[in-house]
Each structure stands twice: as structure tokens, then as C-alpha cells.
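Below is one structure; the comments refer to it alone.
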Amino acid sequence: MTISTTASRVSGLAATVADLAERSDEWLPRVRLDPRGRWYERLHRDAGQEIWLISWLPGQSTGLHDHGGSRGAFAVALGSLEERDLGGVQEVTPGRARAFGAEYVHEVRNVSAAPAVSVHVYSPPLSTMNRYDLVGDRLVRLATEEAGQW
Numbered sequence: 281m282t283i284s285t286t287a288s289r290v291s292g293l294a295a296t297v298a299d300l301a302e303r304s305d306e307w308l309p310r311v312r313l314d315p316r317g318r319w320y321e322r323l324h325r326d327a328g329q330e331i332w333l334i335s336w337l338p339g340q341s342t343g344l345h346d347h348g349g350s351r352g353a354f355a356v357a358l359g360s361l362e363e364r365d366l367g368g369v370q371e372v373t374p375g376r377a378r379a380f381g382a383e384y385v386h387e388v389r390n391v392s393a394a395p396a397v398s399v400h401v402y403s404p405p406l407s408t409m410n411r412y413d414l415v416g417d418r419l420v421r422l423a424t425e426e427a428g429q430w
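Here the sequence shown stands for residues 281 to 430, where the numbers follow this note's numbering.
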């Protein structure tokens, strides 16, 4: 596979979540807010991809993680989120999708005072996720989670 093919697939994932985020009237009644942790629901899964809906109360976070070799993208539908990767921190607001390749490590968190809702797509569907800590400038893997654990 060429780099341009990979980039094309990743941009296609970003287009998918951006479109879904704009059509929140189709899925908004499903959203729940959970003070114990992020609420999430899988909206779709087939052999090529899966789509998740996630709600975030203020202070909720993923911690540093990867997607077990899956490419992905996410878009904020309501509120705002902060994404931290090894290159820095940026705010993600409605109308903006973030896409990433198979080896990407990041943390997503709600640092605002209001709830947020985001849509995520992964291709191929998630089978594992690795959790990390940043020690100095080095990632240290803390755990590997299997699909049945979330």
C-alpha cells in the first residue's frame, strides 16, 4: 500500500465522522452522561470499520493510548475536547475532524466546564488498545486491553 493510499483512507475516515457529527439529530437521543466515566456506544460495525459515539463530562479523559494498529478519526459534535499527542496539545471543536494512522498515540479529554459528545471511527475495527505513560520523552506501555474489555 502506498502512502497516498493510506492518506486517502485516513481522510475518508475523517469525512465519515464529520458527516455523522453534523447529523446529531439522528443519534443524540441515545447519548447518556455518566459521572463514573465516559459513556460510549457502538453505532455500527462491519468487517471494514466500526463507529462509536462517546460522551464526556468535564474532567473525563482517555489517558494516553493507541488503537492497536487501526487507523481512525474523531469529530466533536457538541462541546469541545482537548487532544494531546507527542507533538503537543490542541482543542477540537465542532466542525473539525481529527484523523490518524495506525501507530498514533494520543489522549483525549474534556477540559471545559460543559459536557461534550464525539463520534469516532476505526478501520479495521478495534481489536486491542495499548495504554501508555510518558516518562520523560519516552512512552512506556502500561497495559494492553482486548476488545471485550470495553
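A virtual CB, placed ideally from N, CA and C, is assigned to each residue, including glycine.
Every value quoted in this text rests on a predicted model; they were computed, and no experiment measured them.
When you compare only the Cα positions, how much space is there between tyrosine 412 and arginine 318?
-> As a first step, residue 412 is located in the sequence shown; it is residue number 132 there, counting from the start. As a first step, residue 318 is located in the sequence shown; it is residue number 38 there, counting from the start. One C-alpha to the other measures close to 18 angstroms.
Alpha carbon to alpha carbon, what distance is there between alanine 423 and arginine 310?
-> The residue you call residue 310 lines up with position 30 of the sequence shown. The residue you call residue 423 lines up with position 143 of the sequence shown. For arginine 310 and alanine 423, the distance between alpha carbons rounds to 30 angstroms.
Three-state secondary structure (DSSP) of arginine 351 | The residue you call residue 351 lines up with position 71 of the sequence shown. Correct three-state label for arginine 351: strand.
Is DSSP giving valine 290 helix, strand or coil here?
-> For the purposes of this step, residue 290 is taken as the residue at position 10 of the sequence shown. In the structure shown, valine 290 sits in a helix (DSSP, three-state: H, G or I).
Taking the beta strand (DSSP E) that glutamine 329 falls in, what are its first and last residues?
-> For the purposes of this step, residue 329 is identified with residue 49 of the sequence shown, where counting begins at 1. Note, glutamine 329: premise wrong, no beta strand (DSSP E); not H, not E.
Out of Val290, Leu344 and Ala357, which has the shortest C-alpha to C-alpha gap to glutamate 306?
-> Residue numbering aside, residue 306 sits at position 26 when the sequence shown is read from its first letter. Ranking the options by Cα distance to glutamate 306, first place goes to Ala357.
When the distance is taken between beta carbons, is valine 399 closer than 7 angstroms to leucine 333?
-> Counted from its first residue, the sequence shown places residue 333 at position 53. Counted from its first residue, the sequence shown places residue 399 at position 119. For leucine 333 and valine 399, yes; Cβs fall inside 7 angstroms.
Could you work out which residue in Ala427, Ala382, Val290 and Glu426 is closest to leucine 350 when comparing CA atoms only?
-> Walking along the sequence shown from the start, residue 350 turns up at place 70. Residue identity differs from the one stated: residue 350 is serine in this sequence, not leucine. Answer by Cα proximity: Ala382.
Outcome for serine 407 when other beta-carbon atoms lying within 10 angstroms are tallied against a minimum of 16 | Taking the first residue of the sequence shown as 1, we reach residue 407 at position 127. Burial call: exposed.
Which word fits glutamate 330, buried or exposed, when buried means at least 16 other C-beta atoms lie within 10 angstroms of its C-beta?
-> Residue mapping note: residue 330 aligns to position 50 of the sequence shown, counting from 1. Looking at its Cβ environment, which holds 16 or more other Cβ atoms inside 10 Å, glutamate 330 is buried.
How many angstroms separate the CA atom of glutamate 362 from the CA atom of valine 415?
-> In the sequence shown, the residue the question calls residue 362 occupies position 82. In the sequence shown, the residue the question calls residue 415 occupies position 135. Those two C-alpha atoms are separated by around 21 angstroms.
Can the beta-carbon of serine 403 be found closer than 7 angstroms to that of glycine 328?
-> As a first step, residue 403 must be located in the sequence shown, where it is residue number 123. As a first step, residue 328 must be located in the sequence shown, where it is residue number 48. Taking 7 angstroms as the Cβ cut-off, serine 403 and glycine 328 qualify as a contacting pair.
Of all the options Val385, Arg376, Pro315 and Arg312, which has the alpha carbon lying nearest to the alpha carbon of arginine 418?
-> Position 138 of the sequence shown holds residue 418. Checking every option, the nearest Cα to that of arginine 418 belongs to Val385.
Helix, strand or coil: which one does DSSP assign to threonine 373?
-> Your numbering for residue 373 matches position 93 in the sequence shown. Note: threonine 373 maps to coil in three-state DSSP.
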